[in-house]
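K.L.:
Before I ask anything, here is the structure I am working with.
Number of protein chains: 2
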Amino acid sequence: MTEPVLLVLLSLAEQPRHGYSILKDVERMGHGRVTLSTGTLYGALQRLLKQGWIERFKEDEAARERRAYRLTVQGKRVLQAEVERMRHLTKLASLRAARKEA
Amino acid sequence: MTEPVLLVLLSLAEQPRHGYSILKDVERMGHGRVTLSTGTLYGALQRLLKQGWIERFKEDEAARERRAYRLTVQGKRVLQAEVERMRHLTKLASLRAARKEA
DNA sequence: ACGCGATATGTCGCGTGGTGACATATGGAA
DNA sequence: TTCCATATGTCACCACGCGACATATCGCGT
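As structure tokens, then:
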């Protein structure tokens, strides 16, 4: 699981979104310091769909075609597991890296 | 910063090691569930040397050539910063992913 | 009426870097 | 003396992030 993919899942964990909305949400999450390029985003979305971690979400037939996505049950499970993994790794890293230098 | 690279730095943060030792240490860190392939390891070591995050460490002229490495000051700084980044991201991810499913 | 920036979705080529297979050599133990 | 752990490395393949480019609409200000 790469970081861009994690950020996409995290964005969809809050609520269903369409592509551009994910882009903006990730920017907010990273306080403007993080940006997903569209190449990264739409590539990731395609892979996530194929893996069954996200699915198309029928938004109320709005104006121009907005393809909204949401997490599947499997996607939620995967995300939970990944976050758990991160917690372990971060804890380990904190211990290991804390070797008396500023 | 990719995960394999992080694991290498974490391994060297504890003490200077040579390649094979890093491999074994990472396996211990991941409780046997994580393995670094030699391709990943030696590729990463070359890059880390070029970046100046690690350096060769003169071990007491042991038997067969063992190339020991240790973190440079810069490497330690980078690792600290990365761990800090992980802490933020993990915190964010924990909040976002905690949406009422098991 | 016009233009421009935000909204919105997508493609493509480049380069980085992880992966597994393969290669090779030595030390020590059964 | 055979075999496994120790030890270091290379190579081809592939996945994926990234930036540039392409395109279309909406709404607002002038």
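In the order they appear, the protein sequences are chains L and S.
With my numbering applied, the first sequence covers 45 to 146.
With my numbering applied, the second sequence covers 45 to 146.
Here a beta-carbon is modelled for each residue, glycine too, at the ideal position from N, C-alpha and C.
1) Counting only runs that start and end within the stretch 84-118 of chain S, where is the beta strand (DSSP E) found for 3 or more residues in a row?
2) Can you tell which of S:A112, S:Q124, S:S81, S:A142 has its C-alpha closest to the C-alpha of H62 (chain S)?
3) By DSSP's criteria, R61 (chain S) is part of a beta bridge. Which residues make up the other side?
4) Taking only beta carbons into account, state which residues of the stretch 118-132 of chain S come closer than 7 Å to chain L, listed in chain order.
5) Is there a C-beta anywhere in chain S that falls below 8 Å from the one on T116 (chain L)?
6) For A125 (chain L), name the three-state secondary structure that DSSP assigns.
7) Is there contact between the stretch 79-92 of chain L and the stretch 51-58 of chain S, where contact requires at least three CB pairs shorter than 8 Å?
8) What are the residues of the stretch 55-73 of chain S that lie near chain L, defined by any Cβ-Cβ distance shorter than 9 Å?
9) Just by C-beta distance, which residues in the stretch 75-103 of chain L are closer than 7 Å to chain S?
10) Counting only C-beta atoms, is A107 (chain L) closer than 8 Å to chain S at any point?
11) Just to confirm before moving on: does the CB-CB distance between L136 (chain L) and M73 (chain S) stay below 8 Å?
12) Along chain S, which residues have their Cβ under 7 Å away from the Cβ of R140 (chain L)?
13) In whole angstroms, what is the alpha-carbon distance linking M130 (chain L) and S65 (chain S)?
14) Going along the chain, which residues of its own chain have a beta-carbon closer than 6 Å to the beta-carbon of L92 (chain L), five neighbours each way excluded?
15) Thinking C-beta only, is Q118 (chain S) closer than 8 Å to G96 (chain S)?
P.N.:
This is what the structure holds:
1) 98-101, 112-115
2) Nearest C-alpha to H62 (chain S): S:A112.
3) S:Y113
4) K120, L123, Q124, V127, M130, R131
5) no
6) A125 (chain L): helix per DSSP, three-state reduction.
7) no
8) S55, A57, E58, M73
9) Listed by position, the residues of the stretch 75-103 of chain L near chain S (Cβ gap below 7 Å) amount to none.
10) Because A107 (chain L) carries a pLDDT of 49, less than 50, the predicted location of this residue cannot be relied on, and the following value inherits that uncertainty. Not a single C-beta of chain S is nearer than 8 Å to the C-beta of A107 (chain L).
11) yes
12) Residues of chain S with a Cβ closer than 7 Å to the Cβ of R140 (chain L) are, in chain order, L54, A57, E58.
13) 24 Å
14) I98
15) yes
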